[in-house]
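Numbering (my numbering), first residue to last: 167 to 491.
The beta-carbon is built from N, C-alpha and C at its ideal position, and this holds for glycine as well.
Structure first, commentary second.
Structural data, given as structure tokens:
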């Protein structure tokens, strides 16, 4: 089926704290204004909803899409000072609405551990129903288990799949983007005389890594590095907020630190279980049959690199639909 989509560039902007009216006034309108008058633009349309703005620029059929994307990028740089802090416009991939040629799900070989032989102390499902990762993290709740699937999708599968010829990008849906959640206890903070600003600064200062030049000795140079990057939940809990009579007060004494997930507005499921869905987007002008076939072949190779207990299940293969019609 030929793709009759017009030449267009989409600009997506996320600003979670803004209402639809504020999104329209403070995000969508400045971006639209920046694009109007751009050479080759025939129309600009948009929609604004809670925390999200999408602006679509429609170009003449004779326009060079890649040159137009460069022009749009320059206009977005001009509009950036007019946008709210933290709102960063991102151009969509070089694909269209018909570009989703392959869908797959990332899930546990044994969802919820059903049918799995417990492997206490080794990666996999444990007797208590938790899942032990290869990094030694014990996933005991639904959020952390889904966050692990999303991590596998975003950091293992997606980068490899994006290298497939004809693939413009790979979308992720479902699960949770892993976050460390610090929940302050106002009563404990008041007892220690600690403000929210102090706690906030402590968390920021505890997650830095800086260079400290070098030490010269016997004609050799030894590089010095101060590595303060947070890697685990316990390291956050041990960060020192202040001292009282020479005794350090840590984050754990005034707050609870947990593994959580980024705020989400959607989810994905398969066979009644929540999962993570990946979608390969075809490059504009590419052959959908060959791209879908290549993605399927690539996923077979990617499956060999997955952590213990995780698998990829194809859900939609456009090449099969093409060959069947």
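Under the three-state reduction of DSSP, which class applies to residue i: helix, strand or coil?
i	result
residue 170	coil
residue 485	helix
residue 350	strand
residue 251	coil
residue 278	helix
residue 259	coil
residue 226	coil
residue 376	strand
residue 283	coil
residue 177	strand
residue 182	coil
residue 343	coil
residue 211	strand
residue 264	coil
residue 197	helix
residue 395	coil
residue 357	helix
residue 204	coil
residue 490	coil
Excluding the 5 residues preceding and the 5 following residue i in the sequence, name in chain order all residues of the same chain whose CB lies nearer than 8 angstroms to its CB.
i	result
residue 435	340, 441
residue 351	420, 421, 422
residue 364	407, 408
residue 387	380, 381
residue 361	355
residue 346	396, 399, 402, 423, 424, 425, 426
Can you list, in chain order, the residues of its chain whose CB lies under 6 angstroms from that of residue i, leaving out five sequence neighbours each side?
i	result
residue 222	174, 176, 211
residue 344	313, 317
residue 488	455
Which whole-angstrom value describes the C-beta separation of residue i and residue j, a residue pair presumed to lie in contact below a C-beta threshold of 8 angstroms?
i	j	result
residue 229	residue 203	In fact, because the Cβ distance is near 15 angstroms, the residues do not count as touching under 8 angstroms.
residue 374	residue 417	Contact doesn't hold; Cβ gap of about 16 angstroms is too wide.
residue 181	residue 255	With a Cβ gap of about 10 angstroms, residue 181 and residue 255 do not count as contacting.
residue 273	residue 439	7 angstroms
residue 412	residue 391	In fact, because the Cβ distance is near 29 angstroms, the residues do not count as touching under 8 angstroms.
residue 296	residue 320	Rounded, the Cβ-Cβ distance is 22 angstroms, inconsistent with contact.
residue 253	residue 200	About 13 angstroms separates the two Cβ atoms, so there is no contact after all.
What residues in its chain sit with their C-beta under 7 angstroms from that of residue i, if we drop five residues either side in the sequence?
i	result
residue 117	With the chain covering only 167 through 491, there is no way to say anything about residue 117.
residue 334	259, 260, 261, 265, 447, 448, 449
residue 169	262, 264
residue 396	372, 373, 402
residue 209	224
**Asked** What are the complete alpha helix (DSSP H) segments, minimum 4 residues, inside the segment 290–330?
**Response** 308–318, 324–327
**Message:** Which complete alpha helix (DSSP H) runs does the segment 397–476 hold, if anything under 4 residues is left out?
**Reply:** 399–403, 454–469
**Message:** When you compare the segment 447–462 with the segment 240–256, are there three or more beta-carbon pairs, one atom per stretch, that lie closer than 8 angstroms?
**Reply:** no
**Request:** Give a yes or no on contact between the segment 261–277 and the segment 472–482, applying the rule of three or more CB pairs nearer than 8 angstroms.
**Result:** yes
**Asked** Can we say the segment 325–333 touches the segment 373–384, given the rule of at least three CB pairs closer than 8 angstroms?
**Response** no
**Prompt:** Does the count of Cβ pairs from the segment 456–476 and the segment 303–313 closer than 8 angstroms reach three?
**Reply:** no
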